[in-house]
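Here is the structure we will look at.
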Amino acid sequence: MRHHLALLALAASLTACSSSNGPNNGGGGGNSTLTVSNATPGSGNGALTGISITVDTNAAVQQGPAVLVVITGAVGGVQHSISLNFLKSDASIPNLEHSWGTDLNAPDGFTLCDAGGVVGSPCAPTAGVVDVAQRTITFTALGLTAALADGDASTLDGVI
Numbered sequence: 003m004r005h006h007l008a009l010l011a012l013a014a015s016l017t018a019c020s021s022s023n024g025p026n027n028g029g030g031g032g033n034s035t036l037t038v039s040n041a042t043p044g045s046g047n048g049a050l051t052g053i054s055i056t057v058d059t060n061a062a063v064q065q066g067p068a069v070l071v072v073i074t075g076a077v078g079g080v081q082h083s084i085s086l087n088f089l090k091s092d093a094s095i096p097n098l099e100h101s102w103g104t105d106l107n108a109p110d111g112f113t114l115c116d117a118g119g120v121v122g123s124p125c126a127p128t129a130g131v132v133d134v135a136q137r138t139i140t141f142t143a144l145g146l147t148a149a150l151a152d153g154d155a156s157t158l159d160g161v162i
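Everything in the sequence shown is counted per this note's numbering, starting at 3 for the first residue and increasing by one.
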């Protein structure tokens, strides 16, 4: 019960500063140091600005009940979308997708990590950490690989 309340607190904190709408009154923003590096294509490189966060606490993935977090922002005129699930059971991140481009419907780059490693690389548990008590998600050199076998790559660093 205590862990469940902490997850709800994380979701509430991520949505507290929002002007956008999403599932469960989602949306959020605020202080962030999220940076993309080692991107192929290189249009994805840089520190994200104008960050918005949407949270859905009723998500589910193959590994079980989860919280879906979608982070959007821009590097200059290049839009970024980072979508991740963290499990309600242990706050681990089984999968994460990152896309970027001037048009996210036809992105320049699309990378991911996947728990099973079936598509892309497995998500490194220490490189993407959800701290429910602190209400943060920290990325430390989280390397992502091509989702479409086209050579795309990106690395995420920073705190949301």
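Here a beta-carbon is modelled for each residue, glycine too, at the ideal position from N, C-alpha and C.
Check	Outcome
The stretch 118 to 131 in contact with the stretch 73 to 81 per 3-pair CB rule at 8 Å	no
Per DSSP, the bridge partner or partners of D58	L70
Rounded Cβ spacing between T42 and G153 (contact assumed at less than 8 Å)	6 Å
Reduced DSSP secondary structure (H/G/I, E/B, other) of G44	helix
Contact check, G79 vs T104, beta carbons under 8 Å	yes
Closest residue to A62 among L70, D133, T56 (Cα-Cα distance)	L70
C-alpha gap between A151 and P124, whole angstroms	15 Å
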